[in-house]
Structure formats: structure tokens, C-alpha cells
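Novice: Could you have a look at this structure, given as C-alpha cells, before my questions?
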């Protein structure tokens, strides 16, 4: 481009002496969201996924937020699975991306008679639409009513065993350690953007200085006991609290949830730092978009540009947003 301009006085353009080789291929790089709850979103939100280049997604129907009863019954969990199965094909037809499912039992609230739903899971996992078991994993504290740690672990291990039996990967809900708030909201109001009744959390069932990390370690042990290889485990909601353990002591994949960075403090910079330190081979990103909190269907597309701005190579970005989830989650098979 020219370095002289017919401007009345010099402008910024006059001082730009280096032509940029911009990565325009990022505009069309396909990507996969390996963990969201898009079946609970609006049509417009799912359209935003499609417009920003989403080629595939795993819609996770494991989530206690959508069952109005506490504690949750096994039949409530089964309803969530059935609802996702019912809607999946129409969502795929409407938006053209490949929509697959994750089915699991979340431990964020105590489940009555979990064996009743676990006994049905085996047949559900025979479905071609099911890409992954989960999300699941031990949770340090529950909503409304505590769930004994040993009982939680048993339910998690049973699901991981089913994943192993069906050669499916599993998504772990790894508890985040959110950054300290600048100031607390009124306790009766809760956190704006997260539509969850405040003050209903139970006391932790895991002791120690770092219950969030301890929960992840318990989950990895459960995977071992279930016969599920570590490279079939996706630790979703990875953060700075668990990255070193997962990267240095396991073969698990890490998926950084960036759809609600305002809440958990994990963003593209977190991902870039992890790539710098450990490489892109076991890293993915997801949005975790759901109807109970303020999330961003454009988050992965935005992160692709941000990763490049932070110095990450285009091929590494493609590995993180496309190649890794495609391989681990079996898209295109």
C-alpha cells in the first residue's frame, strides 16, 4: 500500500511502514463448541452460533438448574435427556451445524434414587446422537441439599464406567475458583446474570484448603477405577487452579469455558498462557452457554481473534477450536 497520502497534515497512516500479513483464514476456520446447553437457548442464540462459523456442538442435557424440584428425582434427569433428544434434529436442520448430545447426572444437587436413571443410561448411550457422557463430576457443595461425598463419587464412577463400555469420552464438571469480587452484592439478590436462588448453597462436603482441586483429583481417580483412559476425559471449566495438575499429572484434555468470563475469570488470555506453557495438543475451549446465566454464543469466535492477538499461531488456534474437539468428540464420523 502507498506510504504517501494527500492529507492536509500527516496522519497515523503516514507512519505505518510495515504491511501486516493478517490471518484472514481465521474468518472461515470452522470450530466446535464441545460443551454448551444450546437446546435451552433461544432460536436467535443458536443462529448466532451458526453465523459465527460453528460447525458442531455438544448440547449437554446434564443440568440440575432446569428441574424445578429439589431434590431432583431420577425421572427429572431422564426428562432432560428426552427433551434434548426430542429437539436435537430440529435444531440441526434449522442451523446446519452438527448437533450432538451429552447425557449425564450432575452432582450439583442431590438426586433421589440415582440408580434408576443410571440403569437407563446404558441404552441411551447406544444412540448415534450421543457423543459424550456428562457433564458430571464430584461437586464440593450442592444446591439446597448436600450430597454425601462417597455417594457422589459412586454416581460419577458409574457414569465413567458406562462411557468406557461404550467407548465414549466423558465431560467432567471441574469446579471453578472464581476471582475475588470487587464488592459483594446484597446476599438476598445474588449475582446479576446468574439466575440461581441465592443463599441455597450447602456447606462443602470436601474439607481442605482447595476443595475445587480435590474434587478434580477424586474424579480422575474415579476414571481410573472405571477403566476410562485419561485421554478420554475432558476436564471442562479448566482454570488456573487445576491446569498444572491436569497437564503435568494426567493425560486428560482441558476445556476452558470462556462463555461467561465475567463470572469465572477464565478468558482467551488464560487459554493463551496455557498454550504457551503446555502446547495446544490437549487444549480446547467451550462456551457453556445456558439459559440460566449471561453467556455469549460468539465467545469462541471472539477468542480465536484474541488468541492470535496474544501471539498464538494460526495452526495452534485451529488445533484448539477444531482439530482437538473433532477428534475427541468424534465429529464427522
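Numbering (the numbering used here), first residue to last: 36 to 368.
All C-beta atoms, glycine included, are put in the ideal place defined by N, C-alpha and C.
1. Check whether the Cβ atoms of residue 225 and residue 233 sit closer than 7 Å, and answer yes or no.
2. With which residues is residue 288 paired in a DSSP beta bridge?
3. For residue 201, which residues from the same chain have a beta carbon less than 6 Å from its beta carbon, with the 5 sequence-adjacent residues on both sides left out?
4. Could you check what DSSP says for residue 275 in three-state terms: helix, strand or coil?
5. On the three-pair Cβ rule with 8 Å, is the region 303-310 touching the region 92-105?
6. If the criterion is Cβ atoms closer than 7 Å, does the pair residue 269 and residue 204 meet it?
7. If residue 156 and residue 197 are in contact, beta carbons under 8 Å, what's the gap, nearest whole angstrom?
8. Taking only three categories from DSSP, how would you classify residue 208?
9. Leaving aside the five residues before and after residue 372 along the sequence, list all residues of the same chain whose C-beta is less than 7 Å from its C-beta, in chain order.
10. If you draw a straight line from the alpha carbon of residue 117 to that of residue 58, how long is it in whole angstroms?
11. What residue from 327, 271, 358 and 286 has the CA that sits closest to residue 75's CA?
12. Is residue 326 helix, strand or coil by DSSP?
13. So residue 166 packs on residue 364, CB below 8 Å; how close in whole Å?
14. Residue 108 bridges to which residues according to DSSP?
15. Using CA coordinates, which residue listed in 62, 64 and 70 is at the minimum distance from residue 324?
16. What do you get for residue 271, buried or exposed, if any count of 16 or more other CB atoms within 10 angstroms of its CB means buried?
17. To the nearest angstrom, how far is it from the Cα of residue 110 to the Cα of residue 158?
18. Can at least three beta-carbon pairs, one atom from the region 274-281 and one from the region 336-353, be found at a separation below 8 Å?
19. What whole-angstrom Cβ distance do residue 335 and residue 61 have, given they're in contact under 8 Å?
20. Of the residues 258, 81, 65 and 151, which one's Cα is nearest the Cα of residue 125?
21. Does the separation of the CB atoms of residue 170 and residue 107 fall below 7 Å?
22. Cα separation between residue 309 and residue 291?
23. Which residues mark the beginning and the end of the alpha helix (DSSP H) in which residue 318 is found?
24. DSSP puts residue 49 in a beta bridge; with which residues?
Specialist: Looking at the coordinates:
1. Taking the first residue of the chain shown as position 1, residue 225 is located at position 190. Taking the first residue of the chain shown as position 1, residue 233 is located at position 198. Cβ distance < 7 Å, so residue 225 and residue 233 count as in contact.
2. Within the chain shown, numbered from 1, the residue matching residue 288 stands at position 253. 269.
3. Numbered from 1 along the chain shown, position 166 holds the residue referred to as residue 201. So the qualifying residues of the chain are 160.
4. Along the chain shown, one-based indexing puts residue 275 at 240. Of the three classes helix, strand and coil, the one that applies to residue 275 here is coil, per DSSP.
5. no
6. Within the chain shown, the letter at position 234 stands for residue 269. Within the chain shown, the letter at position 169 stands for residue 204. The answer is yes: Cβ separation under 7 Å.
7. Here residue 156 corresponds to residue number 121 of the chain shown, with the count starting at 1. Here residue 197 corresponds to residue number 162 of the chain shown, with the count starting at 1. The pair is a contact, with the Cβ atoms about 5 Å apart (cut-off 8 Å).
8. The count along the chain shown starts at 1 and reaches residue 208 at position 173. Three-state result, residue 208: strand.
9. This structure cannot settle anything about residue 372, because the visible part of the chain is limited to 36 through 368.
10. To locate residue 117, count along the chain shown from 1; it is residue 82. To locate residue 58, count along the chain shown from 1; it is residue 23. One C-alpha to the other measures close to 42 Å.
11. In the chain shown, the residue the question calls residue 75 occupies position 40. Considering only alpha carbons, the answer is 327.
12. Residue numbering aside, residue 326 sits at position 291 when the chain shown is read from its first letter. Residue state, collapsed to three classes: coil.
13. Within the chain shown, numbered from 1, the residue matching residue 166 stands at position 131. Within the chain shown, numbered from 1, the residue matching residue 364 stands at position 329. Indeed, because the Cβ distance is near 5 Å, the residues count as touching under 8 Å.
14. Within the chain shown, residue 108 is the residue found at index 73, counting from 1. Per DSSP, 147.
15. Mapped onto the chain shown, residue 324 falls at position 289. Nearest of 62, 64 and 70 to residue 324, Cα basis: 70.
16. Here residue 271 refers to the residue found at position 236 of the chain shown. Classification for residue 271: buried.
17. For the purposes of this step, residue 110 is taken as residue 75 along the chain shown, with counting starting at 1. For the purposes of this step, residue 158 is taken as residue 123 along the chain shown, with counting starting at 1. Their Cα atoms are separated by approximately 15 Å.
18. no
19. Residue mapping note: residue 335 aligns to position 300 of the chain shown, counting from 1. Residue mapping note: residue 61 aligns to position 26 of the chain shown, counting from 1. Not really, about 12 Å apart at Cβ, beyond 8 Å.
20. Within the chain shown, the letter at position 90 stands for residue 125. Looking at the Cα atoms, 81 is the closest of the given residues.
21. On the chain shown, residue 170 is found 135 positions in, with the first residue counted as 1. On the chain shown, residue 107 is found 72 positions in, with the first residue counted as 1. Not in contact: residue 170 and residue 107 (Cβ atoms no closer than 7 Å).
22. In the chain shown, the residue the question calls residue 309 occupies position 274. In the chain shown, the residue the question calls residue 291 occupies position 256. Going by the C-alpha atoms only, they are around 10 Å apart.
23. The sequence position of residue 318 within the chain shown is 283, counting from 1. First-last for residue 318: 318-321, but that is the beta strand (DSSP E), not the alpha helix (DSSP H).
24. For the purposes of this step, residue 49 is identified with residue 14 of the chain shown, where counting begins at 1. For residue 49, which the question treats as bridged, DSSP gives no partner whatsoever.
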